[in-house]
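Working notes, beginning with the structure itself.
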Amino acid sequence: MKTFATDLLEATLVDKFDAALRSVELENGTLLATVLASAIMVDLRCSGSEDGVDTIDTLDEDAIKELGALLLFAIEGDDRPFTLPLGTVVRPYEPGSVEIGEEVWVIQTGKPGLSPIEIVRHDAYGRNLELLREFIGKWVQGRPWQCIGLPSPSNISDYGPVNLLAFPPFHDAGGVVLQREVNSTGAACFAAAMPEDIKFLALSIANDMRAMWHRRQDIADQARAVRQIAESKISNDAVGVALHAIAIDLHRQHTDKHFGFYVHYDAIDDAFRPGVVRNFMPAPFEGVYPNQGATHEIVGRREARDAVRALGADGVRLFFAEYEREATRLARIDSHEADTARIRLQQLERELGNLYENLLAGIASPALRQMIDERETEKARLISRNAIVDKGVVSHRTLPTPSALQAQFQARIADLRSTLEDPAVRGHAASIMSRLIESVTIYPDAPEGPAAEVVAYAINDNAAREGGVSSSIAVVAGAGF
1 MKTFATDLLE
11 ATLVDKFDAA
21 LRSVELENGT
31 LLATVLASAI
41 MVDLRCSGSE
51 DGVDTIDTLD
61 EDAIKELGAL
71 LLFAIEGDDR
81 PFTLPLGTVV
91 RPYEPGSVEI
101 GEEVWVIQTG
111 KPGLSPIEIV
121 RHDAYGRNLE
131 LLREFIGKWV
141 QGRPWQCIGL
151 PSPSNISDYG
161 PVNLLAFPPF
171 HDAGGVVLQR
181 EVNSTGAACF
191 AAAMPEDIKF
201 LALSIANDMR
211 AMWHRRQDIA
221 DQARAVRQIA
231 ESKISNDAVG
241 VALHAIAIDL
251 HRQHTDKHFG
261 FYVHYDAIDD
271 AFRPGVVRNF
281 MPAPFEGVYP
291 NQGATHEIVG
301 RREARDAVRA
311 LGADGVRLFF
321 AEYEREATRL
331 ARIDSHEADT
341 ARIRLQQLER
351 ELGNLYENLL
361 AGIASPALRQ
371 MIDERETEKA
381 RLISRNAIVD
391 KGVVSHRTLP
401 TPSALQAQFQ
411 ARIADLRSTL
421 EDPAVRGHAA
431 SIMSRLIESV
441 TIYPDAPEGP
451 AAEVVAYAIN
461 DNAAREGGVS
471 SSIAVVAGAG
481 F
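The sequence shown begins at 1 in UniProt numbering and counts up by one.
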């Protein structure tokens with residue numbers, strides 16, 4: 001846990017490193033000295049060395065410059081690991097991130113130093129989002145497709161949260177929403193992407209806008225069929241589910257005769273929360289879309305949620321059973337993905353054949369070469385993956401059992417309780433919490449049945465109250481912490 005002493009030490013290291021590194025910055029403006037200081041602080045913690053601070057203090061200017069250069073190369077993707085002064089090994093992870101020991105740390109545009117990947121947002125936000133919109137606006141200015149607008153962050157559920165960049169519905173294309181997944185930058189997260197990565201993504205999205213404009217009538221006609229199927233299925237068997245939007249990711253679909261669409265629903269997501277969920281409607285082979293609408297999972301979630309609420313505390317057992325079923329389902333995903341990859345390989349072969357014909361015909365534009373490079377890269381990746389699957393060495397996801405999760409949770413709560421018994425740590429933690437949280441409001445009288453008793457048990461010194469009834473409680477962070 002960070003304390004005033006560790007914050008002071010890190011600030012001292014930043015000053016020392018910055019003097020040696022001459023205020024060198026990463027491409028995104030992050031000061032290299034702050035990144036190196038973060039890495040050294042992780043090295044100090046991981047090593048557990050009692051004289052680690054003294055060792056770090058002996059680093060001279062040449063050693064600091066070498067460490068800064070090695071760390072910069074690792075963040076940019078150099079595959080050579082190196083060792084920090086106290087023995088912790090640093091390896092490249094994904095662009096914009098490094099693995100320090102067993103931990104993954106990432107840079108964030110607009111923030112100093114490194115951050116643990118577990119606490120970093122994965123949606124589009126901050127300076128990189130502003131930069132993306134600036135690049136797109138510049139490249140579409142004065143073009144007919146400028147009327148499509150600019151993308152905004154969007155988060156929906158699809159067997160877990162999906163972070164998107166979504167445009168407003170485009171009327172000329174039948175109200176279809178143009179979208180792109182945020183992780184298209186190739187970096188560990190959107191905030192870790194460098195300006196050049198953002199620029200490349202913006203150019204790719206601008207090309208999607210151009211394709212949408214030129215093929216707006218095709219998109220509108222095909223989306224109409226998809227919408228009719230989705231709406232008919234909702235009216236038949238999807239009580240409580242409403243059509244939210246028809247969306248399309250045009251990346252790699254510019255020249256396709258038929259498009260694959262995403263159908264967005266207002267429904268209950270996989271965490272039993274009201275929100276937007278999506279289902280993919282694949283491109284048809286014979287020009288007719290399959291008669292599929294909202295999946296069984298989407299249709300049945302409202303009933304499943306109500307059933308869990310009705311069970312009250314017994315819902316935990318239902319969760320355990322559902323968890324085991326989900327673990328089994330995830331173990332089968334690899335084989336399904338392999339089949340999908342083989343189908344995509346066939347599509348890539350056809351696309352590359354057409355592209356190479358254009359190249360041989362003398363149409364050697366930069367855009368054509370870029371499209372060929374993208375498809376060749378994807379083809380190589382799919383071939384490599386299928387080779388692994390064919391050898392039977394695909395590693396299925398290994399998920400912890402509910403009992404293991406419960407044990408981990410209990411252990412971490414015990415560690416937290418023990419740490420907060422230290423008066424110095426307790427005061428520092430209270431200060432941090434008072435800055436992060438303005439207020440917490442608890443409503444134990446809500447109609448969740450036994451859930452109110454659980455809340456009462458938690459807020460009354462671990463003693464269950466009589467009757468299980470209490471009024472609402474508002475807690476201001478920092479008061480009585």
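Ideal Cβ positions, reconstructed from N, Cα and C, are used throughout, including at glycine.
* Compare the beta carbon distance of Leu-114 and Ala-223 with 8 Å and say whether it is the shorter of the two. => Here residue 114 is taken as the residue at index 114 of the sequence shown, counted from 1. Here residue 223 is taken as the residue at index 223 of the sequence shown, counted from 1. Not closer than 8 Å, so no.
* To do: Give the single residue among Leu-345, Lys-138, Asp-266 whose Cα lies nearest to the Cα of His-244.
  => Along the sequence shown, read from residue 1 onward, the residue named residue 244 stands at position 244. Nearest C-alpha to His-244: Asp-266.
* **Between the CA atoms of Leu-150 and Glu-130 - distance to the nearest angstrom** => Position 130 of the sequence shown, counted from the first residue, corresponds to residue 130. Position 150 of the sequence shown, counted from the first residue, corresponds to residue 150. Whole-angstrom Cα-Cα distance: 11 Å.
* Asked: Looking only at C-alpha atoms, which of Ala-321, Tyr-356, Lys-379 sits nearest to Arg-342?
  -> If you number the sequence shown from 1, residue 342 lands on position 342. Of the listed residues, the one whose Cα sits closest to Arg-342 is Lys-379.
* To do: Could you tell me whether the stretch 128-142 touches the stretch 200-210, using the rule of 3 or more Cβ pairs below 8 Å?
  => In short, these stretches touch, since the Cβ pair count reaches three.
* To do: State the DSSP-derived secondary structure class of Tyr-93, mapped to helix, strand or coil.
  => The residue given as residue 93 occupies position 93 in the sequence shown. Tyr-93: coil per DSSP, three-state reduction.
* Output the distance between the C-alpha atoms of Ala-69 and Leu-26, rounded to the nearest integer angstrom. => Residue 69 sits at position 69 when you count from the first residue of the sequence shown. Residue 26 sits at position 26 when you count from the first residue of the sequence shown. The alpha-carbon atoms of Ala-69 and Leu-26 are separated by roughly 11 Å.
* Rounded Cβ spacing between Gln-108 and Ala-192 (contact assumed at less than 8 Å) -> As a position in the sequence shown, residue 108 is number 108, starting the count at 1. As a position in the sequence shown, residue 192 is number 192, starting the count at 1. That belief holds up - the Cβ atoms of Gln-108 and Ala-192 are roughly 6 Å apart, short of 8 Å.
* 7 Å CB neighbourhood of Glu-103 in its chain, flanking five on each side removed -> Locating residue 103 in the sequence shown gives position 103, counting from the first residue. Around Glu-103: Val-42, Pro-116.
* To do: Please report how far the alpha carbon of Gly-126 lies from the alpha carbon of Pro-92, in whole angstroms.
  => By one-based count along the sequence shown, residue 126 stands at place 126. By one-based count along the sequence shown, residue 92 stands at place 92. Whole-angstrom Cα-Cα distance: 24 Å.
* To do: Mark Ala-367 as exposed unless 16 or more other C-beta atoms lie within 10 angstroms of its C-beta, in which case mark it buried.
  => Looking up residue 367 in the sequence shown gives position 367. Residue environment: Ala-367 is assigned as exposed (fewer than 16 neighbouring CB atoms within 10 Å of its CB, all protein chains considered).
* Extent of the continuous alpha helix (DSSP H) to which Phe-272 belongs -> Within the sequence shown, numbered from 1, the residue matching residue 272 stands at position 272. In the DSSP annotation of this structure, Phe-272 is not part of any alpha helix (DSSP H), being labelled neither H nor E.
* To do: Give the straight-line distance between the Cα atoms of Ala-202 and Val-226, rounded to the nearest whole angstrom.
  => Position 202 of the sequence shown, counted from the start, is the residue given in the question as residue 202. Position 226 of the sequence shown, counted from the start, is the residue given in the question as residue 226. Distance between the alpha carbons of Ala-202 and Val-226 is about 28 Å.
* To do: Spatial neighbours of Glu-374 within its chain, please: CB distance less than 8 Å, with the 5 preceding and 5 following residues excluded, ordered by chain position.
  => Taking the sequence shown and counting its residues from 1, the one referred to as residue 374 is at position 374. Around Glu-374: Arg-252.
* Along the chain, which unbroken stretches of the alpha helix (DSSP H) at least 4 residues long are found entirely within the stretch 148-202? -> No alpha helix (DSSP H) of 4 residues or more sits fully in the stretch 148-202.
* Asked: Around the Cβ of Asp-18, are there at least 16 other Cβ atoms within 10 angstroms (buried) or fewer (exposed)?
  -> Within the sequence shown, residue 18 is the residue found at index 18, counting from 1. Asp-18 is buried by the Cβ-count criterion.
* **Nearest-angstrom Cβ-Cβ length linking Ala-283 and His-258, presumed shorter than 8 Å** => The residue labelled residue 283 in the question sits at position 283 within the sequence shown. The residue labelled residue 258 in the question sits at position 258 within the sequence shown. The Cβ separation is near 4 Å, so the contact holds.
* Find the nearest neighbour of Glu-76 within the set Glu-10, Asn-28, Pro-153, judged by alpha-carbon distance. => To locate residue 76, count along the sequence shown from 1; it is residue 76. Closest by alpha carbon: Asn-28.
* To do: Determine the closest residue to Phe-280 out of Asp-249, Ser-23, Phe-200, with distance taken between C-alpha atoms.
  => Counting from one through the sequence shown, the residue named residue 280 turns up at place 280. The shortest Cα separation from Phe-280 among Asp-249, Ser-23, Phe-200 belongs to Asp-249.
* Inspect the beta-carbon positions of Leu-65 and Ala-33 and report whether they are closer than 8 Å. => Here the question's residue 65 lines up with position 65 in the sequence shown. Here the question's residue 33 lines up with position 33 in the sequence shown. Looking at the sequence shown, residue 65 is not Leu but Lys. In this structure, Lys-65 lies away from Ala-33, with their beta-carbon atoms at least 8 Å apart.
* Asked: Looking at the structure shown, is His-214 part of a helix, part of a strand, or coil, going by DSSP?
  -> Within the sequence shown, numbered from 1, the residue matching residue 214 stands at position 214. His-214 falls in the helix class under three-state DSSP.
* Asked: Cα-Cα, which of Asp-218, Gly-186, Pro-195 is closest to Asp-172?
  -> Walking along the sequence shown from the start, residue 172 turns up at place 172. Selected option, being the one with the closest Cα: Asp-218.
* Endpoints, the beta strand (DSSP E) within which Glu-134 is located -> In the sequence shown, residue 134 corresponds to position 134, counting from 1. Run containing Glu-134: none in the beta strand (DSSP E); it sits in the alpha helix (DSSP H), 126-140.
* **Beta-carbon proximity check, Val-177 vs Ala-166, cutoff 8 Å** => Within the sequence shown, residue 177 is the residue found at index 177, counting from 1. Within the sequence shown, residue 166 is the residue found at index 166, counting from 1. Yes. Within cutoff.
* With a threshold of 16 other CB atoms inside 10 Å of the CB of Gln-179, please say whether the residue is buried or exposed. => Taking the sequence shown and counting its residues from 1, the one referred to as residue 179 is at position 179. Buried, because 16 or more other Cβ atoms sit within 10 Å of the Cβ of Gln-179.
* Asked: Using CA coordinates, which residue listed in Ala-220, Arg-305, Ser-154, Thr-58 is at the minimum distance from Asp-270?
  -> Mapped onto the sequence shown, residue 270 falls at position 270. Checking every option, the nearest Cα to that of Asp-270 belongs to Arg-305.
* Can you tell me whether DSSP reads Leu-67 as helix, strand or coil? -> Along the sequence shown, one-based indexing puts residue 67 at 67. If DSSP states are grouped into helix, strand and coil, Leu-67 belongs with the helices.
* Asked: CA-CA distance, Tyr-323 and Pro-153?
  -> Along the sequence shown, read from residue 1 onward, the residue named residue 323 stands at position 323. Along the sequence shown, read from residue 1 onward, the residue named residue 153 stands at position 153. The alpha-carbon atoms of Tyr-323 and Pro-153 are separated by roughly 30 Å.
* Selection from Arg-417, Pro-195, His-214 that minimises the alpha carbon distance to Phe-170 -> For the purposes of this step, residue 170 is identified with residue 170 of the sequence shown, where counting begins at 1. Checking every option, the nearest Cα to that of Phe-170 belongs to His-214.
* Own chain residues within Cβ distance below 7 Å of Gly-52, not counting five before or after -> On the sequence shown, position 52 is the one that residue 52 refers to. Cβ neighbours of Gly-52 beyond the five flanking positions: Leu-44, Leu-86.
* **Inter-residue Cα distance where the pair is Glu-181 and Gln-410** => Within the sequence shown, residue 181 is the residue found at index 181, counting from 1. Within the sequence shown, residue 410 is the residue found at index 410, counting from 1. Near 36 Å, if we compare the C-alpha coordinates of Gln-410 and Glu-181.
* To do: Work out the CA separation of Ile-413 and Ala-407 for me, nearest whole Å.
  => Here the question's residue 407 lines up with position 407 in the sequence shown. Here the question's residue 413 lines up with position 413 in the sequence shown. Rounded to the nearest angstrom, the two C-alpha atoms are 10 Å apart.
* To do: Return the CA-CA distance between Val-454 and Ala-310, expressed in angstroms with no decimal places.
  => Counting from one through the sequence shown, the residue named residue 454 turns up at place 454. Counting from one through the sequence shown, the residue named residue 310 turns up at place 310. Unreliable placement is indicated for Val-454, whose pLDDT of 48 sits below 50; the coordinate value is still reported in the next sentence. If you take the alpha carbons of Val-454 and Ala-310, they lie about 15 Å apart.
* To do: Kindly list the residues whose CB is nearer than 6 Å to the CB of Val-24, restricted to its own chain and excluding five residues on each side of it in sequence; keep chain order.
  => Mapped onto the sequence shown, residue 24 falls at position 24. For Val-24, where only same-chain residues beyond five positions count, the Cβ hits under 6 Å are Leu-32.
* Secondary structure of Ala-242, DSSP reduced to three states -> For this step, residue 242 is matched to residue 242 along the sequence shown. Three-state DSSP puts Ala-242 in a strand.
* To do: Measure the C-alpha to C-alpha separation of Ser-384 and Thr-88 and round it to an integer number of angstroms.
  => Numbered from 1 along the sequence shown, position 384 holds the residue referred to as residue 384. Numbered from 1 along the sequence shown, position 88 holds the residue referred to as residue 88. Each residue's alpha carbon lies about 32 Å from the other.
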